[in-house]
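Undergrad:
Residue numbers (the working numbering): 793 to 875.
#1: Given residue 870, which residues of its chain have a CB within under 6 angstroms of its CB, disregarding the five upstream and five downstream residues?
#2: Between which residues of its own chain and residue 838 is the CB-CB distance below 8 angstroms, once the five residues before and five after are set aside?
#3: For residue 854, list the residues DSSP reports as bridge partners.
#4: Helix, strand or coil: which one does DSSP assign to residue 812?
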């Protein structure tokens, strides 16, 4: 069985990969970057990922970064179509 797992390694889960990306983005932003320049790229990536599973428009995904003192809140709001 070890040979099969070596030849066909399991792919990382999508949710864990997305969580890791968000952690990297937020950590990078905390290191002194002034503006949230990652938001447009994150928005585009979310559209691509969600579009694989359901039809979604770019206006249906809202992303905001709120700063209050030393706290940052990344808010992602996705409106899914009725099925």
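The C-beta atom is built at its ideal place from N, Cα and C for all residues, glycine as well.
TA: Taking the coordinates as given:
#1: Indexing the chain shown from 1 puts residue 870 at position 78. Contacts found: 853.
#2: Numbered from 1 along the chain shown, position 46 holds the residue referred to as residue 838. For residue 838, where only same-chain residues beyond five positions count, the Cβ hits under 8 angstroms are 853, 855, 868 and 870.
#3: Reading the chain shown from its first residue, position 62 is the one you call residue 854. Its beta-bridge partners are 869.
#4: By one-based count along the chain shown, residue 812 stands at place 20. DSSP places residue 812 in helix when its eight states are reduced to three.
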